[in-house]
Structures are given as C-alpha cells and as structure tokens.
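Below you'll find the structure, written out as structure tokens, and then a few comments.
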Amino acid sequence: MLVLTLGASAQEEIDTIPKVTPTVKPIERKDWFEELKKGRFDPKDTTVYYPKFMQFCVDVYNWADYTFNSVDTTYIASTGRRWKAEIRNDNWTDSYAFHFDKMPVRMMSDIKCSVGGYLTYMAVSAGYAFDFGNIIGNKPSNHKKMEFNFSCARFSIDAYYSKNEDGTIIRHFGNYEGGDWVKYYFPNLYLKSYGVDGYYFFNNKKYSQGAAYKFSKIQRRSAGSLIVGLSAAHYNIDMDFSDLPQEMTIYLPTDQRRYFFNYWDYNFLVGYGYNAVMGKHWLFNVTALPSIGFKHSRETATVDGNRDRFSMNLKGKMSFVYNNKDFFAGVFGKIDGRWFMGHEYQFFNSIASVSVSVGVRF
Numbered sequence: 288m289l290v291l292t293l294g295a296s297a298q299e300e301i302d303t304i305p306k307v308t309p310t311v312k313p314i315e316r317k318d319w320f321e322e323l324k325k326g327r328f329d330p331k332d333t334t335v336y337y338p339k340f341m342q343f344c345v346d347v348y349n350w351a352d353y354t355f356n357s358v359d360t361t362y363i364a365s366t367g368r369r370w371k372a373e374i375r376n377d378n379w380t381d382s383y384a385f386h387f388d389k390m391p392v393r394m395m396s397d398i399k400c401s402v403g404g405y406l407t408y409m410a411v412s413a414g415y416a417f418d419f420g421n422i423i424g425n426k427p428s429n430h431k432k433m434e435f436n437f438s439c440a441r442f443s444i445d446a447y448y449s450k451n452e453d454g455t456i457i458r459h460f461g462n463y464e465g466g467d468w469v470k471y472y473f474p475n476l477y478l479k480s481y482g483v484d485g486y487y488f489f490n491n492k493k494y495s496q497g498a499a500y501k502f503s504k505i506q507r508r509s510a511g512s513l514i515v516g517l518s519a520a521h522y523n524i525d526m527d528f529s530d531l532p533q534e535m536t537i538y539l540p541t542d543q544r545r546y547f548f549n550y551w552d553y554n555f556l557v558g559y560g561y562n563a564v565m566g567k568h569w570l571f572n573v574t575a576l577p578s579i580g581f582k583h584s585r586e587t588a589t590v591d592g593n594r595d596r597f598s599m600n601l602k603g604k605m606s607f608v609y610n611n612k613d614f615f616a617g618v619f620g621k622i623d624g625r626w627f628m629g630h631e632y633q634f635f636n637s638i639a640s641v642s643v644s645v646g647v648r649f
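See below:
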C-alpha cells in the first residue's frame, strides 16, 4: 500500500489558502402595490412583500383557499383567470295554486325580464341590471328580485329577496267559464319574500357547483355529489278577491274574500347534483333539493293564525354551459316551490326563472 504524507511546511501552506464560501443570492422581494398595478397580483406568490396586517390577511386567505377550495385536478380545473366580464339576461315569474274546499285557483304573473352587466374579481362581483320591460314597453314594474351568492368547493350560501306589487293573472278560477283556462288581470295580490340557504357538497373534491353556475371552474370529468343544507325564509302573500266581479265570486265556496299568509319557513334540505361533461366544451348540470321542516304562521295572518305546520318544499335548478378558452356562455333554469297545507285548503307558490349569460375571463 502506498501512503503519501505531507510535510508540516506543505500543510501550513495549504491552511493559509483563503476558503471561499459560496454566496446565495437573496430572494428579490416584490412590492404588492407594484404587482397589483401590473395586473400580476397573486396571493400565493411568496416573493411579494406585504405590510404586517396585509400579510396576515393573505395568510388567512391562503389557508381558507387550501381548506375550502382544494379539489382533485383530474376532475376539476382552475380557469387560470381572476376577472370576469359578463352580460346576463334574467326572466322570471311567480305562480300560485290555491285549493280551498275542492275549488282550484291558478294564478301566474307575466314574465319579467332584465338585462345587466357584471364585473367580477375572484369572489366579488358588481353590476347593474335594467328592467327590460320598462325599456321596451314603457311600463313601470313593481316586481323586484335580488340575489346574493357566496360559494367555494365545500359549501355555498344563497340569500334572496323578491317582491311583487304588480298583481298577477288569474288563469283558472274553479268553474268560472266552465272550468276553462282564462286570462283575468288580478291586481289585489301582494308578495314579499326573503331568505337564506346554506349547502354543503359531500363530494367537493370531484364535483363543482361553481363550474355549472358561476363559470369559476372547469369540470373535466363527470361527477355528482350528495348535497345537504338548511333554509330559512319569510313569506308575506296577500290575496283579496273582494273586487272580483260577481260572476266570479259566486264560485267561491265560502264568504271569506281575503287570504293573508304570513309565515316563516324552516327546512332541512337533502338532494343531489350531477355534472355531466359532454365533450371538450360542454357541461350539463341538474340539481334537485327537496326539503322538510315546519312553517310558523304568525298571528297577523288571516290563514291559520299563530300556529306551526309541517312543511315540504322543493328547490331545483339546471344549467347548460359552454367554455372555450376564456369565452363562456350558459343557460340556467331555477325553481323554488313552497307548499302550505291547512285543514280546508292547500296552497303552493313558486318563483321560477330562466337566465342566459355570456362573457369572458381575463
């Protein structure tokens, strides 16, 4: 074995050679405001500098996004965009089916139409809708409908408000006109409703409600999910038949002419939603949410007064969505139906809508 040994003088010369420590270039921190002005604001970019409170807010957002928006990317894909510009057409009507002492009454308002423009950044949206009936027909409308939605992969919250002071159209009134369908304007109907619904999606890793109704995700493969939720809503419905002509009121089975419903509706919802991917660009969704609970009628109501009754309602919606790169379009249908049952009557009212949307992401 050959062993080489350095002498003391040689070792001393080696020890005097300066040691070079490799330098690591520090990460360049970017100013958040400059990034925002350039349109490159990304809360997940760890190289961006924020003031202390803003950094806390960004950390909370990233935690919430990971906790509530994590998905299986083989089923759901991000759009890669944060902004959306959208034009939306809404068409809706409210209807009423009233059975008392075996006499059926059917009423449905004319279809109300609005067109609006909306600008959305992530979960925040702002816009304005014009009453299309006013623009075309020059007729004031006292129908109002407002909706608010917050949704993520795991859950969704809907708040809504509807008001009808325009009256409605009587379509069927017992044996009047031989029991045939009629069209009689009925001004003495008033509706005001508001409420909030909350839903949880069990298969939130593979099923996206946002892909079907908000254009916020892309559903890559078909999937469905069990949905459960809670609902609370308040309804005021006032129908006064006193001003109807005698040839109609003679068919009313009792002397009562005014029916005023004033109740709170509390329900547990359980249903199912399914996204069917139909080729590269098309998505079809159907969601059904039946519910059970109880209705609390308030003392001011002329129907039932202060008492509780069993409640059984139905919510349903359907969508047909087209995506092509940053362009999107969709058609949406929705119905919210509520059933009120007493000893001598049954009452079912619903609000149904059809909407069309087109827009771009950027």
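Numbered according to my numbering, the sequence shown spans residues 288 to 649.
C-beta atoms are modelled at their ideal positions from N, C-alpha and C, and glycine is treated no differently.
Does DSSP put M535 in a helix, in a strand, or in coil? Looking at M535 - three-state DSSP - the assignment turns out to be helix.
Which listed residue (F340, K317 and D346) has its alpha carbon closest to that of T334: From the listed residues F340, K317 and D346, the smallest Cα separation to T334 is found for K317.
Return the residue from the list V564, S584 and M628 that minimises the CA-CA distance to S509. Per the C-alpha coordinates, the member of V564, S584 and M628 positioned closest to S509 is V564.
Mind checking whether W569 and M599 have CB atoms under 8 Å apart? One thing to note: W569 has its Cβ no nearer than 8 Å to the Cβ of M599.
Simplified DSSP assignment, three categories, for F385: Looking at F385 - three-state DSSP - the assignment turns out to be strand.
Proximity winner among M605, G558, Y546 and G566, relative to Q633 (alpha-carbon distances): For Q633, the closest alpha carbon among the candidates M605, G558, Y546 and G566 is that of Y546.
Go through the region 574 to 605 residue by residue and report every complete run of the alpha helix (DSSP H) that reaches 4 residues or more, in order. Taking only runs of at least 4 residues, no alpha helix (DSSP H) segment lies wholly in the region 574 to 605.
Looking only at its own chain, which residues have a Cβ that is under 8 Å from the Cβ of D332, when we skip the five neighbours before and after it? Excluding positions up to five away in sequence, the list reads K317 and E322.
The ligand FMN heavy atom lying under 7 Å from the CB of D418: The model on display carries no ligand, and the ligand FMN is accordingly not part of it.
So, are the CB atoms of F548 and R441 less than 8 Å apart? No, Cβ-Cβ distance for F548 and R441 is not below 8 Å.
What residues match up with L323 in a beta bridge as DSSP calls it? DSSP lists no partner for L323.
Mind checking who W350 pairs with in its DSSP beta bridge? DSSP output for W350 lists no bridge partner at all.
Proximity to G461 [Cα-Cα], best of M390, I524 and M433: In terms of CA proximity to G461, M390 leads the group M390, I524 and M433.
Return the residue from the list R596, E373, E464 and Y447 that minimises the CA-CA distance to V392. It is E464 whose Cα lies nearest to the Cα of V392.
Check the DSSP bridge columns for P391 and list the partner residues they point to. Paired residues: H386.
CA-CA distance, R368 and N611? Cα-Cα distance, rounded: 13 Å.
By Cβ distance below 6 Å, which residues in the same chain neighbour Y538 in space, the five residues on each side in sequence not counted? The residues are G461, N462 and Y463.
In DSSP terms, what N376 is bridged to: According to DSSP, which records beta bridges pairwise, N376 is partnered with V402 and V643.
Would I374 pass as a contact of G617 if the rule is Cβ separation under 8 Å? No. Outside cutoff.
Considering only their Cβ atoms, is the gap separating V641 from G624 smaller than 8 Å? Contact: no.
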